[in-house]
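S.K.: Residue numbers (the working numbering): -5 to 437.
Ideal placement from N, C-alpha and C gives every residue a C-beta, glycine not left out.
Below is a structure I'd like to ask you about.
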């Protein structure tokens, strides 16, 4: 950030502390966004020192146009080419639609129209807000970034609120794009959309223009699973899936402070880091959509993300798309440097998927290895035993049941499972030897 801007912030902090000597003691209760600047600057310095050698600072073109669609509102328009941001590629509305339908409603996806109506949607709109971060009715969105693909370019429109009195005008200018059939956000289900909905009501701008469908990429990232060393923030998702770390960016915690400073001094250069931060957030969402689509279909860019492929397989299996789940699991196993394939959860899921696809011999082999390791889930002993019995190996089927009964003998919570296994074992013993397995009464 410009040293002159930092110095101005320090001067404002000093004047606030001079007028209110106890301001520091009320920091937790009354965060003005300014009196934390020293912490933010220190935090940014620590972050920059820890960045890997692959950290990059994307170079963006200048706005192609700067207009004033209404008094007190400024519109900045950018036209980015594929490659201007890491991973930025043109993806059709069908790609976003397929991702939306693949991950299902439990992932922050809301579909208000039928799938048939969404087969020919308009261009997906990527939304990111910057707000004053004040609680309740005081949380004002002063910058709205909207991105969409048009004629091979990624167009980003930034609506900047220069005067708070022009909020209604800014919201009215957002309305046509928000009515797009596909809205894409990052944590928008919990933040961007609720904030906008409240502001439409509180400002009197009218009803919130509900989009036909809303895909929250934060929820998708969570369902794809965690990777050690990464969180689910947008910056960390960029590092994990796009392979780069931002430099030259500001902390989102500093954004409100800069807007308050802009309102005080009316110097537009103060907001330059905020505009850049918002532009990167919108471009990052467009890049992540492509990677997430590739992971869900086990495409070529997914092979370096075995943990995410496992998460995609879980999603497919939950919706009974077992062939796609198998493809994701096989792609995860093909990655040479991952240990995900040796985890118990992965092995159990692979066995279940193969079983559902009719590949019972392969599934039984996995379950038998799990049983030898003493790790087979208690609900799968009966399945393995039934497989051996139907394959003409009743002795092996009985061995599985006896192993399970010995393992579960001391379990208090598995009474129903144990009783079911006892009945199966008794039937097999009678079939093999003519002697049922006697139930041992507790002393």
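Identify whether residue 370 lies in helix, strand or coil by the three-state DSSP scheme.
M.R.: DSSP, read as helix, strand or coil, puts residue 370 in coil.
S.K.: Can you tell me which of the three DSSP states residue 135 falls into?
M.R.: In the structure shown, residue 135 sits in a strand (DSSP, three-state: E or B).
S.K.: Distance check for residue 97 and residue 137, CA to CA, integer angstroms please.
M.R.: 30 Å
S.K.: Please work out which residues of its chain come closer than 8 Å, Cβ to Cβ, to residue 269, disregarding the five sequence neighbours upstream and downstream, and give them in chain order.
M.R.: Within the same chain, residue 269 has close Cβ partners 70, 137, 152 and 154.
S.K.: Can you list, in chain order, the residues of its chain with a C-beta nearer than 7 Å to that of residue 408? Leave out the 5 residues immediately preceding and following it.
M.R.: 372 and 402
S.K.: Measure how close the beta-carbons of residue 236 and residue 276 come, nearest whole angstrom, since I'm counting them as under 8 Å.
M.R.: About 14 Å; that fails the 8 Å criterion.
S.K.: For residue 348, which residues of its own chain have a beta-carbon under 6 Å away from its beta-carbon, when the five flanking residues on both sides are left out?
M.R.: 356 and 357
S.K.: Taking the straight line between their C-alpha atoms, what separation do you get for residue 246 and residue 213?
M.R.: 20 Å
S.K.: Give the secondary structure of residue 384 by DSSP, where H, G and I count as helix, E and B as strand, and everything else as coil.
M.R.: helix
S.K.: Please state whether DSSP places residue 339 in a helix, a strand or coil.
M.R.: helix
S.K.: Do residue 252 and residue 265 count as a contact pair if the criterion is CB distance below 9 Å?
M.R.: yes
S.K.: So what does DSSP say about residue 153, is it helix, strand or coil?
M.R.: DSSP places residue 153 in strand when its eight states are reduced to three.
S.K.: Give the C-beta separation of residue 119 and residue 140 to the nearest angstrom, bearing in mind that I take them to be a contact with Cβ-Cβ under 8 Å.
M.R.: 6 Å
S.K.: Roughly how many angstroms separate the alpha carbons of residue 301 and residue 238, rounded to a whole number?
M.R.: Spanning the two alpha carbons is a distance of roughly 18 Å.
S.K.: Given this structure, state the Cα-to-Cα distance separating residue 65 from residue 158, to the nearest angstrom.
M.R.: 11 Å
S.K.: By DSSP, does residue 142 sit in helix, in strand, or in coil?
M.R.: strand
S.K.: Assuming residue 72 is part of the beta strand (DSSP E), what are its boundary residues?
M.R.: 67 to 74
S.K.: Mapping the DSSP letters down to three states, classify residue 299 as helix, strand or coil.
M.R.: Coil.
S.K.: By the three-class DSSP mapping on this structure, what secondary structure does residue 170 have?
M.R.: helix
S.K.: Mind checking who residue 178 pairs with in its DSSP beta bridge?
M.R.: 120 and 209
S.K.: Can residue 72 and residue 61 be called in contact, C-beta distance under 9 Å?
M.R.: no
S.K.: Using C-beta distances below 8 Å, list every residue in its chain close to residue 189, excluding the 5 sequence neighbours before and after it, in chain order.
M.R.: 123, 125, 133 and 135
S.K.: Take the Cβ of residue 179 as the centre, count every other Cβ of all protein chains shown within 10 Å, and call the residue buried at 16 or more, exposed below.
M.R.: buried
S.K.: By the three-class DSSP mapping on this structure, what secondary structure does residue 202 have?
M.R.: coil
S.K.: Using 8 Å as the threshold, is the stretch 301 to 319 in touch with the stretch 225 to 233, meaning 3 or more CB pairs across them?
M.R.: no
S.K.: Below 7 Å CB to CB, which residues in the same chain sit around residue 418 once its five sequence neighbours on both sides are set aside?
M.R.: 376, 379 and 395
S.K.: Helix, strand or coil for residue 250? Go by DSSP, reduced to three states.
M.R.: helix
S.K.: Mapping DSSP to helix, strand and coil, what is residue 304?
M.R.: helix
S.K.: Residue 439: which of 249, 186, 204 and 427 sits nearest, CA to CA?
M.R.: Nothing can be reported for residue 439, as the shown portion of the chain is limited to -5 through 437.
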